[in-house]
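Peer 1: Residue numbers (my numbering), protein chains in the order written: chain U, 41 to 441; chain Y, 77 to 480.
Cβ atoms here follow ideal geometry from the backbone N, Cα and C, with glycine treated the same way.
This structure is a prediction, so every number in the text was calculated from the model and none was measured.
Quick one: the structure is below, and I'll ask about it shortly.
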Amino acid sequence: MEAKQQDQLIDVSSPDSPRPSSASRLTVVGVGGMGIHSLNLLHENASDFVNAVAVDCDQTVLDQCAAVRRVQIGARLTRGRGTGGDSSLGRRAANADFPQLRELFHQSDLVIFLTGLAGGLGGGATPVLAQTARDEGALVMTVGALPFDYEGEERMEAAQATINRLKTTGHGLIVVANQALFQGNESKQPLEDALGQAARQLGAALQWLWNLLGQHNLIHLDWITLKNMLESCEGVCQLAVAEAGGQQRANLLLSRLAKQPALQIASDAKEGASVLIGLQGSSDMTLDEVQTIVDGILDRCPGETSRWVGAGIDRSMKGKIGALVLVAARAEAPPAPAPAVTRVTTKSTAKGKTKVTEQKELGFNTIPPSKGRFKDVEPTIVQGEDLDLPTFIRRGMKLSH
Amino acid sequence: MINNSSSPVVALEIGTARVRALVGEEREDGYLMITGVAECPARGIRKGEITDFDNALACVEQVLQQVEKQSDVSIQEVQVALTASHIQGSLSRGTTPIIPVDSEITQTDIDTVMESARAVSLPPERMVLHSIHQQFFVDDQEGVTNPEGMVGARLAVSMLILHGVRNRIMNVLRVATSAKVHVGGYAFGGLCSALAVLAPEQKESGCVVIDLGAGTTDYVVYANRCIALAGTLGVGGDHITNDLAMVLRVPTAAAEKTKIDVGTPVPGEPPPEQPYLIQPTSGFTGRTVRLHDISAIIQARVEETLQLIAAELEKHKLLHLMGAGVVLTGGGAHLKNIESFTSSVLNMPCTIGRPRNVSGIATTTEGPEYAVTVGMLRYGIRQIGQRDPRSSGWRDLLGRFFGK
C-alpha cells in the first residue's frame with residue numbers, strides 16, 4: 041500500500057502530468073522540528089509540486105532538512121539553538137526576523153503551514169507567520185498536529201492555546217490527532233514506520249487537496265469553496281484520510297474513515313457540521329461508489345450538514361479509491377443551504393486532458409413569484425435568496441382569511 | 077459667528093424615494109445653520125441607482141432651483157451622498173517592519189503602513205469611496221491609537237475600505253454635473269447618517285446606526301472606539317410597499333399609502349382583527365384587509381432585514397459590543413412601533429436618530445429621514461475645511477467621522 045501511494049505521488053509530479061495552474065502558487069512551510077519532519081517526508085515524494093520552506097531557530101535542524109529554502113529565525117535570541125518549548129520565545133524570534141519572513145510569501149496564493157501545535161516555534165512563531173502570510177494576500181491554512189497522549193495535559197493545553205491564536209490569524213486550521221492516524225494501522229508497526237506512515241498520509245492528503253483545487257481552469261470557484269468551508273466553521277476543522285482497493289473498496293474506505301476522530305466529531309455535532317469530501321480514484325471509479333461514499337459519510341452526520349464534494353480521476357491510482365474528509369462542527373445555526381454543486385473532474389494523466397462536468401442539484405420548489413416593481417433592476421441576492429421577493433411569501437406565510 | 081469657510085455648502089441626496097438638497101454653514105459652536113431646504117419625490121431611481129437618467133435629472137434640477145431661491149445663493153458646487161446596494165465594506169490590514177528593529181516609530185512609518193493598508197486589490201470595476209483607519213498594532217499589542225514614538229519591530233494597521241462599482245457611482249454623480257453644478261465631494265450615505273445623529277458618548281460605548289432608506293438599508297458600526305464595519309443591504313422601504321402590493325394584490329400607490337397610514341411591524345393598536353379599507357383609486361375598486369395581515373407582512377420583512385444585519389455583526393463578533401444599542405434613521409424610522417420591535421429583534425436598546433445640533437430652518441430637518449443629507453452637509457463642510465493647506469493627514473480623517 042505504501043509503495044502504491046508513493047507511485048501516485050511521483051506520478052503527479054512527473055513532467056507530463058498537468059501542472060497545477062501556474063497562476064496559483066502553493067507554498068508549504070514547515071515550522072519547528074515537528075513541522076520540518078513532515079515537510080521532509082512530503083518533500084521526498086513531491087519536490088516539484090511544492091515550494092517548500094523550512095523555518096526554525098536551530099541551525100542543526102535546518103542543516104539536515106531537504107527543503108530548498110531554509111530560514112533561521114531568532115538566531116540572536118536563541119543563539120542558534122531550539123526554543124525548548126517556550127512559545128513566547130518562538131513568538132519573539134518570529135517578530136525579530138519579520139522582514140525576512142514577509143518575503144517568503146510574496147506571490148503565494150495558498151500557504152500551508154505544517155507544525156506541531158504544542159511546540160515552542162509551532163505555538164509561538166506560527167501565528168505570527170500566518171498573520172504575515174495573510175497580510176501578503178495569501179489564503180492561509182495550518183495543518184497542526186496535536187501532541188501524543190503520552191506527552192501529558194500541559195502540552196495539550198499549550199496546543200489548545202495555539203489553536204485559539206491561529207483561529208484569528210490564519211484562514212483555516214486543520215487539526216490532526218497523530219495518535220488517531222495509527223488507529224487504522226497494525227498495532228505492532230515499528231515506531232519509525234508508523235511515524236513515516238502518518239506523515240505520508242498527511243502528504244497525500246495535501247496533494248489531493250491541491251489536485252482538487254488546482255487542476256482545472258475553474259480554479260477560482262474552488263478556492264472560494266475552501267474559503268467558505270473554513271469560514272463557516274470559524275476556521276478549525278479535522279482531517280480524515282483513507283485509501284482502499286479491492287472489490288468492496290467503497291465500503292472498506294468508509295469503515296476506515298469511520299474509525300478516525302474527524303468522523304466522530306461530525307456524528308457528535310448536534311447543531312450540524314460542515315463537510316468537505318475530496319475523492320481521488322482510478323479511472324474505474326463509478327458514480328455508484330462516489331454516491332455510496334458520500335452518502336455513507338453524510339449518514340454519520342446527524343445534524344444539518346453543509347457539504348462540498350469534489351471528485352477527481354487519477355489513472356495512476358490503479359484500482360484504488362482515496363478520500364480526504366475535512367469536518368468542522370458548527371456552533372451556530374446553519375445558513376440557508378445554497379444549492380449544492382457537485383463537481384466531477386476527470387483527469388487523464390497520460391494525455392494531460394482535463395474534462396470538467398458540472399452538475400447542479402435542483403433547488404427546492406422554484407416557482408418564481410413575480411417581483412413587482414423590482415423586476416427590472418439588479419436583484420438583491422443574499423445567501424442564495426432573492427430578497428426582492430416578499431419575505432412573507434418566501435417564508436410560506438398565509439393571510440388570515 | 078460664521079465659520080471661516082465663508083460660503084455656504086450645498087448637500088445633495090439623490091435618494092430612491094426623495095431627492096433632497098440642503099444649504100448651510102457651520103457656526104463656531106459646531107451647530108449647523110440651515111438656510112435652505114428642498115425636496116421632491118424621486119423618479120427614475122431604484123435601490124439608490126439611476127434607472128432613468130432624464131427623470132432623475134429633472135428632479136435634481138427642480139430641487140436645486142428651489143433651494144437656490146430659498147437660500148438666495150447661486151449654487152456652484154454640491155456634496156453628493158451615495159447610497160446603493162453595490163457599496164460594500166472590506167477590512168484591510170497593512171504591515172510594515174520598523175527598521176532598524178526596536179527603534180522608535182515615526183510619522184513616516186505610519187504613512188507607509190497606512191499606504192500599504194489602502195492598497196487593497198479590488199476588482200477593476202470597483203473604486204474606493206472611503207478608507208478609514210481603525211487601530212494600530214505594535215508587535216502583538218492591539219488597540220494602539222497613536223503609535224508615534226512607540227518602540228517595536230513591526231507596525232500594523234487595520235482599515236475599513238468602503239468601495240462601490242465605479243460606473244454606477246459615476247452615473248449618480250453625472251446627474252449632478254448634468255444639472256450644471258460641480259461635484260465637490262461625495263460620501264457613503266450610511267456614514268453621513270452616523271455623522272449627523274450620533275453623540276460622542278454613543279460612539280464611545282459602541283452602537284450601530286441603521287439607515288432604513290427606501291431603496292437600501294445602510295449600516296455603520298462603531299465599536300472599540302473606531303468604525304468597525306459598514307455596509308449596505310439592497311432592501312428598503314420600497315420592498316415593504318412592494319410586499320404589501322403583491323401579497324394583498326393592490327396597486328403600489330395604495331400599498332404605499334397603507335404603509336404610511338397604518339404600517340407597523342408590531343400588531344397591537346388598533347386591535348389587530350379590525351378590518352382596514354384600502355381606498356379605491358382609479359382602476360382599483362378598493363379592498364378590505366385585516367390590520368393583522370398588514371403588520372404580519374411588514375413584520376416578516378423588517379425582521380428579516382434586521383436579522384441579516386445582525387448576522388453580519390455577529391460574523392465580525394461585534395454584536396456584544398453595542399453598548400449604546402441601535403440607532404435608526406431614514407424614512408423607515410417613521411414606521412409605528414419600529415423602536416420597540418427593533419429592540420426586541422436585536423435584543424438591545426433602540427432609539428430613533430435625529431440630526432443633532434441643527435438650527436435655522438430646523439423643524440423639517442430634524443426628522444430621521446434627513447440624517448443623510450444633514451450628515452452630508454457636515455461632512456462636506458469639514459472636507460472643504462480640509463482643503464486648507466494646514467490640514468494634517470490621517471488624524472483628521474478619523475476625526476471627521478469620530479470627532480464631534
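Say whether chain Y places a C-beta atom closer than 8 Å to the C-beta of Ile422 (chain U).
Peer 2: Checking the sequence shown, residue 422 (chain U) turns out to be Val, not Ile. It does: the Cβ of Val422 (chain U) has a partner Cβ on chain Y nearer than 8 Å.
Peer 1: Which whole-angstrom value describes the C-beta separation of Cys135 (chain Y) and Val189 (chain Y), a residue pair presumed to lie in contact below a C-beta threshold of 8 Å?
Peer 2: Contact doesn't hold; Cβ gap of about 44 Å is too wide.
Peer 1: Check whether chain Y comes within 8 Å of Ala133 (chain U), counting only Cβ atoms and requiring the distance to be less than that.
Peer 2: Judged by the 8 Å Cβ criterion, Ala133 (chain U) is not in contact with chain Y.
Peer 1: So which of U:Leu293, U:Leu297 and U:Leu161 has the shortest CA-CA distance to Asp98 (chain U)?
Peer 2: Checked all of U:Leu293, U:Leu297 and U:Leu161; the closest Cα to Asp98 (chain U) is U:Leu161.
Peer 1: Look up Tyr107 (chain Y) in the DSSP assignment and say whether it is helix, strand or coil.
Peer 2: Here Tyr107 (chain Y) sits in coil by DSSP.
Peer 1: Should Leu305 (chain Y) and Leu389 (chain Y) be called a contact, given that it needs their Cβ atoms to be closer than 8 Å?
Peer 2: A contact, by the Cβ cut-off of 8 Å.
Peer 1: I want to verify the contact list: residues of chain Y whose CB lies under 8 Å from the CB of Ile113 (chain U), in sequence order.
Peer 2: The contacting residues do not exist; Ile113 (chain U) stays about 12 Å from chain Y at best.
Peer 1: Judging by CA-CA distance, which residue of U:Cys277, U:Ala107, U:Ala136 and U:Ser307 is the nearest neighbour of Gly164 (chain U)?
Peer 2: Gly164 (chain U) has its Cα closest to that of U:Ala136, out of U:Cys277, U:Ala107, U:Ala136 and U:Ser307.
Peer 1: Which same chain residues, not among the five before or five after Gly219 (chain Y), have their C-beta less than 6 Å away from its C-beta?
Peer 2: Gln211, listed in sequence order.
Peer 1: Quick check on Thr317 (chain Y): buried or exposed, where buried means 16 or more other Cβ atoms within 10 Å of its Cβ?
Peer 2: The residue is buried, with at least 16 neighbouring Cβ atoms inside 10 Å.
Peer 1: Please return the same chain residues whose Cβ sits closer than 6 Å to the Cβ of Val417 (chain U), not counting the five positions on each side in sequence.
Peer 2: Same-chain partners within the cutoff: there are none.
Peer 1: Do Val248 (chain Y) and Leu158 (chain Y) have their beta-carbon atoms positioned less than 8 Å apart in this structure?
Peer 2: Yes, the pair counts as a contact, with Cβ atoms nearer than the cut-off.
Peer 1: Could you give the first and the last residue of the continuous alpha helix (DSSP H) run that contains Phe129 (chain Y)?
Peer 2: Element bounds for Phe129 (chain Y): Phe129 to Ser147.
Peer 1: Can you give the Cα-Cα distance for Ala255 (chain Y) and Ala160 (chain Y), rounded to whole angstroms?
Peer 2: Their backbone Cα atoms lie some 21 Å apart in a straight line.
Peer 1: Along chain U, in chain order, which residues have C-beta atoms closer than 9 Å to that of Asn300 (chain Y)?
Peer 2: Near Asn300 (chain Y) there are no residues of chain U at all, since even the closest Cβ is about 14 Å away, more than 9 Å.
Peer 1: Please tell me whether Val402 (chain Y) and Leu384 (chain Y) are closer than 8 Å, where the distance is taken between their beta carbons.
Peer 2: Cβ distance not < 8 Å, so Val402 (chain Y) and Leu384 (chain Y) don't count as in contact.
Peer 1: Closer than 7 Å between beta carbons: that is the criterion. Which residues of the stretch 152 to 172 of chain Y meet it against chain U?
Peer 2: Cβ contacts with chain U: Ser161, Arg169 and Thr171.
Peer 1: Measure from the alpha carbon of Gly406 (chain Y) to the alpha carbon of each residue in Y:Met424, Y:Ser435 and Y:Tyr295, then state which is nearest.
Peer 2: That would be Y:Tyr295, whose Cα lies nearest to the Cα of Gly406 (chain Y).
Peer 1: Which one of Y:Ile110, Y:Arg432 and Y:Gly106 has the shortest CA to CA distance from Ala275 (chain Y)?
Peer 2: Per the Cα distances, Y:Arg432.
Peer 1: I need the DSSP call for Met424 (chain Y), collapsed to helix, strand or coil.
Peer 2: Coil at Met424 (chain Y), not helix or strand.
Peer 1: Determine which residues share a DSSP beta bridge with Val27 (chain Y) and list them.
Peer 2: Only positions 77 to 480 of chain Y appear in the structure, and residue 27 (chain Y) is not among them; the question remains open.
Peer 1: I want to see whether chain Y comes within less than 8 Å of Pro187 (chain U), judged by CB atoms only; does it?
Peer 2: Answer no: the Cβ-Cβ gap between Pro187 (chain U) and chain Y never drops below 8 Å.
Peer 1: Just checking: is the beta-carbon of Val434 (chain Y) within a distance shorter than 8 Å of some beta-carbon in chain U?
Peer 2: Taking Cβ atoms only, chain U never reaches closer than 8 Å to Val434 (chain Y), which makes this a no.
Peer 1: Is Thr328 (chain Y) near Arg413 (chain U), with beta carbons less than 8 Å apart?
Peer 2: Contact flag set, yes.
Peer 1: Of all the residues that make up the stretch 382 to 398 of chain Y, which are near chain U by a beta-carbon distance shorter than 9 Å?
Peer 2: Correct list: Leu384, Ala387, Glu390 and Lys391.
Peer 1: Given a cut-off of 8 Å, decide if Pro341 (chain Y) and Leu411 (chain Y) are closer than it, judged by their beta-carbon atoms.
Peer 2: In contact: Leu411 (chain Y) and Pro341 (chain Y) (Cβ atoms closer than 8 Å).
Peer 1: Does any C-beta atom of chain Y lie closer than 8 Å to the C-beta of Arg65 (chain U)?
Peer 2: By this cut-off, Arg65 (chain U) is not an interface position.
Peer 1: Give the secondary structure of Ala351 (chain U) by DSSP, where H, G and I count as helix, E and B as strand, and everything else as coil.
Peer 2: Here Ala351 (chain U) sits in strand by DSSP.
Peer 1: If we define contact as Cβ-Cβ less than 8 Å, is Leu427 (chain U) a contact residue for chain Y?
Peer 2: With 8 Å as the cut-off, Leu427 (chain U) counts as an interface residue toward chain Y.
Peer 1: Kindly indicate which three-state DSSP category Arg296 (chain U) falls into: helix, strand or coil?
Peer 2: Arg296 (chain U) falls in the helix class under three-state DSSP.
Peer 1: Is His315 (chain Y) close to chain U, meaning its C-beta is less than 8 Å from at least one C-beta of that chain?
Peer 2: So, interface residue.
Peer 1: Classify Ser148 (chain U): buried if its beta carbon has 16 or more other beta carbons within 10 angstroms, exposed otherwise.
Peer 2: Flag for Ser148 (chain U) reads buried.
Peer 1: Tell me where the alpha helix (DSSP H) around Ala299 (chain Y) begins and ends.
Peer 2: It is not in any alpha helix (DSSP H) - Ala299 (chain Y) instead sits in the beta strand (DSSP E) that spans Thr293 to Ala299.
Peer 1: Arg377 (chain Y) by DSSP, collapsed to three states: which one?
Peer 2: Three-state result, Arg377 (chain Y): helix.
Peer 1: Whole angstroms are fine: how far does the CA of Asp319 (chain Y) sit from the CA of Glu379 (chain Y)?
Peer 2: Cα to Cα, Glu379 (chain Y) sits roughly 14 Å from Asp319 (chain Y).
Peer 1: Just the Cα atoms here: how many angstroms apart are Gln331 (chain U) and Val367 (chain U)?
Peer 2: Roughly 18 Å separates the two Cα atoms.
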